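Protein chains: 4
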Amino acid sequence: MPLNEEQLQQIRDERRDQILKAGLKVFARRGLVGTKLSMIATEARISQGLLYHYFKSKDELFITLIEQALQELKNEMQNVYKLPGSPLEKLRNLVQFDDEGQLYFMLIHQVRTSDEVPEKAKELIKQYSMETYVIDQLELLFIEGQELGELASGDPRKLISCFFTVLSALMTLNISEDGAYQMPEADLILRIVTGRP
Amino acid sequence: MPLNEEQLQQIRDERRDQILKAGLKVFARRGLVGTKLSMIATEARISQGLLYHYFKSKDELFITLIEQALQELKNEMQNVYKLPGSPLEKLRNLVQFDDEGQLYFMLIHQVRTSDEVPEKAKELIKQYSMETYVIDQLELLFIEGQELGELASGDPRKLISCFFTVLSALMTLNISEDGAYQMPEADLILRIVTGRP
Amino acid sequence: MPLNEEQLQQIRDERRDQILKAGLKVFARRGLVGTKLSMIATEARISQGLLYHYFKSKDELFITLIEQALQELKNEMQNVYKLPGSPLEKLRNLVQFDDEGQLYFMLIHQVRTSDEVPEKAKELIKQYSMETYVIDQLELLFIEGQELGELASGDPRKLISCFFTVLSALMTLNISEDGAYQMPEADLILRIVTGRP
Amino acid sequence: MPLNEEQLQQIRDERRDQILKAGLKVFARRGLVGTKLSMIATEARISQGLLYHYFKSKDELFITLIEQALQELKNEMQNVYKLPGSPLEKLRNLVQFDDEGQLYFMLIHQVRTSDEVPEKAKELIKQYSMETYVIDQLELLFIEGQELGELASGDPRKLISCFFTVLSALMTLNISEDGAYQMPEADLILRIVTGRP
DNA sequence: GATGAATGAGTTTTCATTCAT
DNA sequence: AATGAATGAAAACTCATTCAT
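Listed in order, the protein sequences are those of chains A, B, C and D.
Sequential numbering of the first sequence, starting at 1, is according to this note's numbering.
Sequential numbering of the second sequence, starting at 1001, is according to this note's numbering.
Sequential numbering of the third sequence, starting at 2001, is according to this note's numbering.
Sequential numbering of the fourth sequence, starting at 3001, is according to this note's numbering.
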């Protein structure tokens, strides 16, 4: 008995997700050129050929993931305000990204640091400006925090930018198992914006 | 009349340096797989074939650069004490790496985050433990700083580790020209260890 | 609908055989370095890339063929006894190798005479000692032949060795079409061991 | 004090001989494609570049050696008659080639069995027909030997051809050190033409 | 005459993408 | 929809040949 359209659609959606998840995992760590399609296929437990039913090319899969990453980042920033607590407590939440969030960060990092990515990816990243998505979003929060005396004084926009740069940098470190790097605790990172031990 | 041995050696040294410098520049930014030999050859203004007079393979060139990077890092750490000024001032110097230093950092980062590098490189990095090269080297400096009240209190070894992690992370960001990331000024980074604005 | 495992296995076996047969034909005549992969690919009527689905490298393909050649030689020697007729008649059979057998001989010859073959191939050949595979196998046959007066007297082991050397040498001549060399008839070769016209 | 023309000529002749000798040694064993110019240069203890003062190309060096080899073979055959003793004793002498002679044999063999040699070499070999150089030369000797009862009866030209084929084959075996092959003694080989133990 | 660094054409090898089933 | 064999273009690597000294 053949599957009906609905069931087929469900299979398609599942497969697509499988591939995207696998792609994120591998691309984030190894970059576009460092990733072979066979790796993604293996990770997603499907055949290499099937990838091409869902994505026209390696580049297209990569770009789709970039789009997801940017969307994710946007949401994350927009949700900061909805978090409970004082400005500082909200920021502390930001510092504690989940695993998937970290992978998205790494992916964006790959685009920023490699020249081998498709032009489209570059453009997407450019158009997502930290200015709009991050600084504008967090400015009010920082000003509020400074007024409360929770955050260090100084130009809030610059402070956000630096803080976010450090955060991004740490995300992309992909703290390895060998313990060479020690991920600082949230409070230590927050010192950059609080200026207090 | 053929060149004498001294002249030849000079040519060889120059050429080798040229290649190493070009390799560092390209590998640091693009990683091992993202780098094509033609890029290095172009950057070094030599033919692709000549690369193989000086290095047996792409991998060997890469490994040689890793060795240099580790040596450089080692020296850098050992020289901190010789810098003038208080412990904090010495640290400030550390934060202001030169361009080449940053490239070496990025190269080491490439090895840590990619699985595509030769086994030998992995081993080298492993054997260079942050424990020995960095933490042991800086421990006394931090204790001294804490006694002087310049540095925040707490386990000095852990503090160093976190500080160095942030430093490494920033180095590897390869602050791009598009201004997406803003590299924090030295004092801002130092807040992590001073806990003061 | 994808092919089932059995069909796939059949395709793989066929293709592998195709490649091995083509490799034997070209390697035997031209040696390892004299053979370009494009020649084998053309001879096997497949693309160059496909070779790498079946063999990791040119060397691996070569080594696989050497293993086959040695196995073939071993079988050949072990089968001599099962042939019908007197010792001399059995030997006459040995002298009339088939075409594939000759190619295998030539291949082994390539390893013996070239230094450019992979170490593994050298070891395989070494481990296959003529002593064990040939002389030990044929000794009883020769002694029997001498007792019957069919074969010349003298140290049978040495006689075998010389006989086999001549046989090998002739095999590897690859009697060319231009008629420069004339392959002696079986009886002429057998004179070496019979000592009779 | 600059060298005079005579001294220069002497140097030139020496160098040329050096190169030819080295080329013969390496080409004979490894064939044209299996031989790198660097091998010959090393063997001749000169630089790679110098080769091109004496020979226009690798091919030209190879062809020159083929010409020498053919000349040598021709002389060898013509000298058989001048050797002392009965026909059989003259033949026995032929069987005991010197080392250089063997190398020339191997070189000719390389041309016969490889397709990668320059067209010119092929032509040279073709033009040197075994018919003329060998069979015609030895026919009278064989007939004489048959009349004396030293040599087996039958078509002398065919007998020569077979005998020479076996001889060539053995020459090209390049009996390796591992003792896999045992070069038969002269008398054993001569059995082919005498038909007697 | 002599050297060895330098080049580039040709070969091996990799891998995204296509295709028959 | 799904598979994995097959292809070919591009990358790594080799080596005969050239060239500045």
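Here a beta-carbon is modelled for each residue, glycine too, at the ideal position from N, C-alpha and C.
All figures in this text were calculated on a predicted structure; none of them were measured in a lab.
Review point. Would you call K3126/D buried or exposed, if buried means 16 or more other Cβ atoms sit within 10 Å of its Cβ?
Key: Position 126 of the fourth sequence, counted from the first residue, corresponds to residue 3126/D. K3126/D comes out exposed.
Self-check item: Residues near Y2054/C by beta carbon distance below 6 Å, same chain, minus five either side
Solution: The sequence position of residue 2054/C within the third sequence is 54, counting from 1. Once the five neighbours on either side are set aside, the close Cβ partners of Y2054/C are R2016, I2019.
Nearest to E3014/D by CA position, among A3044/D, Q3068/D, G3085/D, is which residue?
Here residue 3014/D refers to the residue found at position 14 of the fourth sequence. Looking from the CA of E3014/D, the closest CA among A3044/D, Q3068/D, G3085/D belongs to A3044/D.
Check: By the criterion of Cβ-Cβ separation under 8 Å, what are the contact partners of S168/A in chain B?
Finding: Taking the first sequence and counting its residues from 1, the one referred to as residue 168/A is at position 168. What S168/A touches in chain B: L1173, Y1181.
Could you tell me which of G195/A, S38/A, S47/A, I66/A sits nearest to E123/A, measuring between CA atoms?
The residue labelled residue 123/A in the question sits at position 123 within the first sequence. Selected option, being the one with the closest Cα: I66/A.
Of the residues Y104/A, A186/A, G154/A, A121/A, the one placed nearest T172/A, counting alpha carbons only:
To locate residue 172/A, count along the first sequence from 1; it is residue 172. The residue with the shortest Cα to Cα distance from T172/A is Y104/A.
L2188/C to I3192/D, Cα distance in whole Å? For the purposes of this step, residue 2188/C is taken as the residue at position 188 of the third sequence. For the purposes of this step, residue 3192/D is taken as the residue at position 192 of the fourth sequence. Computed Cα separation, rounded: 6 Å.
Practice problem: Can you give me the Cβ contacts of L3190/D inside the same chain, cut-off strictly under 8 Å, excluding the 5 residues immediately before and after it? | Solution: Within the fourth sequence, residue 3190/D is the residue found at index 190, counting from 1. So the qualifying residues of the chain are L3088, L3091, R3092, V3095.
*With DSSP run on the structure shown, which of helix, strand or coil describes D1098/B?*
Mapped onto the second sequence, residue 1098/B falls at position 98. D1098/B: coil per DSSP, three-state reduction.
As assigned by DSSP and simplified to three states, the class of F1142/B | Taking the first residue of the second sequence as 1, we reach residue 1142/B at position 142. DSSP places F1142/B in helix when its eight states are reduced to three.
Task: Pair within 8 Å by beta-carbon distance, A1152/B and L1159/B - done: Against the second sequence, residue 1152/B aligns to sequence position 152. Against the second sequence, residue 1159/B aligns to sequence position 159. It is a contact, given that the beta carbons lie within the stated cut-off.
- Rounded C-alpha distance that separates I2143/C from R3012/D: Translated into the one-based positions of the third sequence, residue 2143/C becomes position 143. Translated into the one-based positions of the fourth sequence, residue 3012/D becomes position 12. The straight-line gap separating the alpha-carbon atoms of I2143/C and R3012/D is approximately 60 Å.
If you compare alpha carbons, which of Y3181/D, P3184/D, S3047/D is closest to L3037/D?
-> Here residue 3037/D is taken as the residue at index 37 of the fourth sequence, counted from 1. The residue among Y3181/D, P3184/D, S3047/D with its C-alpha nearest the C-alpha of L3037/D is S3047/D.
Residue of G3085/D, F3027/D, M3130/D minimising C-alpha distance to S3161/D = To locate residue 3161/D, count along the fourth sequence from 1; it is residue 161. Considering only alpha carbons, the answer is M3130/D.
- Note down, in chain order, all residues in the stretch 15 to 42 of chain A with a beta-carbon under 7 Å from any beta-carbon belonging to chain B. R29, R30, G31, V33, G34
Original post:
What residues in the stretch 117 to 149 of chain A have a beta carbon less than 8 Å from any beta carbon of chain B?
Top reply: I125, K126, S129, M130
request  = Give a yes or no on whether the minimum CB-CB distance between S1057/B and chain A is below 8 Å.
outcome  = Start at 1 with the first residue of the second sequence, and residue 1057/B comes out as number 57. No, no contact with chain A.
### Query
From which residue to which residue does the alpha helix (DSSP H) around S38/A run?
Taking the first residue of the first sequence as 1, we reach residue 38/A at position 38. Segment 37 to 43, the alpha helix (DSSP H) holding S38/A.
**Message:** Let me check you understand the geometry: is the CB of S1129/B closer than 7 Å to at least one non-hydrogen atom of the ligand PLP?
**Reply:** No copy of the ligand PLP occurs in the structure displayed, which carries no ligand at all.
For D59/A, tell me which candidate among P84/A, T42/A, E72/A, V111/A has the shortest Cα-Cα distance. By one-based count along the first sequence, residue 59/A stands at place 59. Of P84/A, T42/A, E72/A, V111/A, the residue nearest in Cα terms is V111/A.
Item to complete: Report yes if the CB atom of S2114/C is closer than 8 Å to the CB atom of G2031/C, and no otherwise.
Response: As a working mapping, residue 2114/C is identified with position 114 in the third sequence. As a working mapping, residue 2031/C is identified with position 31 in the third sequence. Yes, Cβ-Cβ distance for S2114/C and G2031/C is below 8 Å.
Using a cut-off of 7 Å between C-beta atoms, extract the partners of R191/A located in chain B.
Along the first sequence, read from residue 1 onward, the residue named residue 191/A stands at position 191. Those within 7 Å of R191/A in chain B are R1191, I1192, G1195.
- Task: Report the rounded CA-to-CA distance for N3079/D versus D3099/D, giving the unit in angstroms.
- Result: Against the fourth sequence, residue 3079/D aligns to sequence position 79. Against the fourth sequence, residue 3099/D aligns to sequence position 99. Using only the alpha carbons, I get a separation of about 18 Å.
Legend entry - Collapsed DSSP secondary structure at L3083/D in the structure displayed: The residue labelled residue 3083/D in the question sits at position 83 within the fourth sequence. In this structure, L3083/D counts as coil in the three-state DSSP scheme.
Closer than 7 Å at the beta carbon, the chain A residues around L1188/B:
As a first step, residue 1188/B is located in the second sequence; it is residue number 188 there, counting from the start. Those are C162, I192, listed as they occur along chain A.
Within 8 Å of any Cβ in chain C, is that where the Cβ of D3198/D sits? Lying outside 3001 to 3197, the shown extent of chain D, residue 3198/D is not represented and no answer is given.
Legend entry - For T64/A, the nearest candidate out of M39/A, K21/A, R29/A (CA to CA): Within the first sequence, the letter at position 64 stands for residue 64/A. The shortest C-alpha separation from T64/A is found at K21/A.
- If you count every other CB in all the chains shown that lies within 10 Å of the CB of L2008/C, and 16 or more means buried, which is it? Looking up residue 2008/C in the third sequence gives position 8. Looking at its Cβ environment, which holds fewer than 16 other Cβ atoms inside 10 Å, L2008/C is exposed.
Review point. With burial defined as no fewer than 16 other Cβ atoms inside 10 Å of the residue's Cβ, what is the status of T132/A: buried or exposed?
Key: One-based indexing of the first sequence puts residue 132/A at position 132. T132/A is exposed by the Cβ-count criterion.
Any beta carbon of chain B sitting closer than 8 Å to that of K74/A?
Residue numbering aside, residue 74/A sits at position 74 when the first sequence is read from its first letter. False, the Cβ-Cβ gap to chain B never drops below 8 Å.
Original post:
With C-beta atoms as the reference, is L3148/D less than 8 Å away from S3086/D?
Top reply: As a working note, residue 3148/D is residue 148 in the fourth sequence. As a working note, residue 3086/D is residue 86 in the fourth sequence. Contact: yes.
I'd like to know whether the C-beta of T64/A is nearer than 8 Å to at least one C-beta of chain B. In the first sequence, the residue the question calls residue 64/A occupies position 64. So, not an interface residue.
**Asked** Can you find a C-beta in chain C that's less than 8 Å from the C-beta of K3158/D?
**Response** Numbered from its first residue, the fourth sequence carries residue 3158/D at position 158. By this cut-off, K3158/D is an interface position.
Exercise. With distances taken between CB atoms, is the gap from Q2137/C to M2077/C smaller than 8 Å?
Worked result: In the third sequence, counting from the first residue as 1, residue 2137/C sits at position 137. In the third sequence, counting from the first residue as 1, residue 2077/C sits at position 77. A contact, by the Cβ cut-off of 8 Å.
- Message: I need the DSSP call for N3004/D, collapsed to helix, strand or coil.
- Response: The sequence position of residue 3004/D within the fourth sequence is 4, counting from 1. Three-state result, N3004/D: coil.
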